[in-house]
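Read the structure below first, then the notes.
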């Protein structure tokens, strides 16, 4: 039910109804007064607005002749003539006329005068009057607003409270492609696409009901003469009269396509930088070639591609020249494959770790031969045969929906090592210029890491070969001693160290046993180890006491690089059943008697070799037949997280069951390595076991 005090607002068919409004409309803003004169020129009606304008109250004005009261003397004759024309001829007039106000001042007012006739045929003169300054201000504001709206590059529309267009400027017609006639009297549902119309109507009604404006609301898409892919900024304001009553809405529309695209590009650039930053952290965490390739492939999905593969020239892995002519096939080794989701496209890839020969027609071969990216934004069936290794693989890629392809070379230090191969299937966007730039950045960063891993693998192999060539062959059991030894290099991701051992025959049936560890790693450490081993063998032939051997080795080591090493030198004397030991900063050996508990042999700890001028004492330990002496390097027991004393205690516990047992020395070596050695240990280990015979 409508409130009985509310006037009817109109019929359902749109017929206007009655609308009662409180003061504050345009007429109130202008203060339009009404004055009625009879045929003799006397005032018979005086409105409150006339009292407000002229200053005379109704009691002061009613019944008096208007001319003497209101008109300056010099205009009396003119006003009488005009009054006669209105009354006698019915001729209306409008214009500005000076009036004497009650305060004695003469002011200009805007008049509209006309003749009235009542039911008795009596005639009257009606004058509608307002302040001239207020009227001129309204006229100027209206003219300015009209000109501004018509010439504004911003699209502007005015809508009534029924959300129908009542006015649009030319700019809006150009923006949405609908002429002025296509707007007037219509709603947004008649002008905009359905989806945009629903959203727009909701925003319009919200502003109309709350009065809160919507500012810079971005709208995307839509059909315009300029096509799709555009963006508009829409602001909506409610139009109120002076009393705060809603008159309608003003809608301002600006084409912000350039701003929108710039924002998208900026966001893409931010994402690319973020992706590159992540790649810097995730790629190259190790010096392992395959692991680095996997890190590159995994960083590429799913942000850049749905399927990513890393193929490296087999020649690069084997340190051969890698430049290939464009017309020749090339041997590639598939190192890594990553997919954003399970897909048959993975089955089309070459098996990881295997070497395959790619024909010159394949796009990845062309990419490596040219050293430049190869991009196919929209893959056609004939392209698949150049992407895949054979017809079956091409069919798998077609089943997977591969529609865009990109290959970028892996270039490090001016040398092409291979390629990063990217495919898109679920990602609907084709590879574009920005994708190519990002892929090249990723490939460039990864290529350096791959090259480092490749070079490290070569150096690792050289160092390992060098070190193994310098180590003695495993010592065999003699009539006096049973000997067992082991050497294990560092884990696959670490460099070769300088650990070594030696068993040397001396005069009088004595035997020298040596275990040492050169500080540092790589080829230099292995070479230094070889020099020290040669020097030790030479010094041993001089039958010097253990402490003197270490003193001479110290002098020799001072000139080597790396020039620090630890060493334990022992001489077994079978006729005395004793062993003389001297240490240069080395871990103590372990004595495992046939009866009793294993214990660390207290050998004076001398300074490491290479310090210069150090003292090296000698300890003597009795060795009975069946006793076991264990010499080792720190790689056997040291870890990054455990205290060295705790690890020595573990070593003693492991050797406790060995005392008096029938376990062979070979089995004991394997037992210690299995229990103490971490396969990923970052240090190599030398282990030497000796036990006198009967």
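Residue numbers (this note's numbering): 110 to 803.
Every residue, glycine too, gets a C-beta built ideally from N, C-alpha and C.
Span of the alpha helix (DSSP H), counted from its first residue to its last, around residue 499
Neither: residue 499 is in no alpha helix (DSSP H) and is coded neither H nor E.
Return the chain-ordered list of same chain residues with a C-beta closer than 6 Å to the C-beta of residue 73, the five sequence neighbours on each side being excluded.
Past the edges of the chain, shown from 110 to 803, lies residue 73, and the structure says nothing about it.
Collapsed DSSP secondary structure at residue 355 in the structure displayed
strand
Nearest-angstrom Cα distance between residue 802 and residue 742?
25 Å
Which of the three DSSP states, helix, strand or coil, is assigned to residue 212?
coil
Quick check: residue 715 and residue 656, are their CB atoms within less than 9 Å of each other?
yes
What do you reckon, are the CB atoms on residue 678 and residue 589 nearer than 9 Å?
no
With a threshold of 8 Å on Cβ separation, who are the neighbours of residue 843 within its own chain once the five nearest residues in sequence on each side are excluded?
This structure leaves residue 843 out entirely; the chain is present only between 110 and 803.
Close-in-space but distant-in-sequence residues of the same chain around residue 188 (CB under 7 Å, 5 per side omitted)
176 and 180
Are residue 547 and residue 405 closer than 9 Å when you measure CB to CB?
no
Touch test, the region 511-521 against the region 538-555, Cβ-Cβ under 8 Å, three pairs minimum
yes
Top-ranked residue by Cα proximity to residue 744, from 557, 653, 758 and 607
607
Cβ-based burial, residue 293 [other Cβ within 10 Å; buried from 16]:
exposed
Which word fits residue 217, buried or exposed, when buried means at least 16 other C-beta atoms lie within 10 angstroms of its C-beta?
exposed
Quick check: the Cα distance between residue 400 and residue 566, rounded to an integer number of angstroms?
13 Å
Counting only the same chain and skipping the five closest in sequence on each side, list residues whose C-beta sits under 6 Å from that of residue 658.
648 and 678
Among 763, 771, 478 and 160, which has the Cα closest to the Cα of residue 785?
763
Residues of its chain near residue 113, where Cβ-Cβ distance is below 8 Å and the 5 sequence neighbours each way are ignored:
Any reading at residue 113 needs caution, since the residue's pLDDT is 35, under 50, leaving its predicted position unreliable; the model's value is listed next. If we look at residue 113 and ignore the five residues flanking it on each side, it has no Cβ neighbours.
With 16 other Cβ atoms within 10 Å as the buried cut-off, status of residue 332:
Legend: pLDDT at residue 332 = 45, less than 50; position of this residue unreliable, value from coordinates given subsequently. Exposed, because fewer than 16 other Cβ atoms sit within 10 Å of the Cβ of residue 332.
Measure the C-alpha to C-alpha separation of residue 554 and residue 312 and round it to an integer number of angstroms.
49 Å
Local Cβ density within 10 Å of residue 675, reported as buried at 16 or more and exposed below that:
buried
What are the boundary residues of the beta strand (DSSP E) that residue 540 is part of?
Run containing residue 540: none; DSSP gives neither H nor E here.
When 453, 440, 488 and 478 are compared against residue 466, the one with the closest alpha-carbon
440
Is the region 260-268 in contact with the region 353-360, if contact means three or more CB pairs nearer than 8 Å?
yes
Could you pull out every residue in the same chain whose Cβ sits closer than 7 Å to the Cβ of residue 453, ignoring the five residues on either side in sequence?
505, 508 and 509
Would you list the one or two residues that DSSP bridges to residue 850?
Nothing in the structure corresponds to residue 850, since the chain is present only between 110 and 803.
Taking residue 210 as the reference, which of 544, 172, 164 and 437 has the closest Cα?
164
Buried or exposed, going by whether 16 or more other CB atoms sit within 10 Å of the CB of residue 394?
exposed
With DSSP collapsed to three states, give me the class of residue 721.
coil
Count the other C-beta atoms from every protein chain shown that fall within 10 angstroms of the C-beta of residue 694, then say buried if there are 16 or more, exposed otherwise.
buried
Could you name the residues that DSSP lists as bridge partners for residue 203?
221
Per DSSP, which one or two residues make a beta bridge with residue 268?
274 and 358
Which residues mark the beginning and the end of the beta strand (DSSP E) in which residue 773 is found?
Unbroken run through residue 773: none, as it is neither H nor E.
Beta-carbon proximity check, residue 595 vs residue 794, cutoff 9 Å:
yes
Tell me whether the beta-carbon of residue 531 lies closer than 9 Å to the beta-carbon of residue 416.
yes
Between residue 363 and the rest of its own chain, which residues show a CB-CB distance below 6 Å, the 5 nearest in sequence each way excluded?
263 and 342
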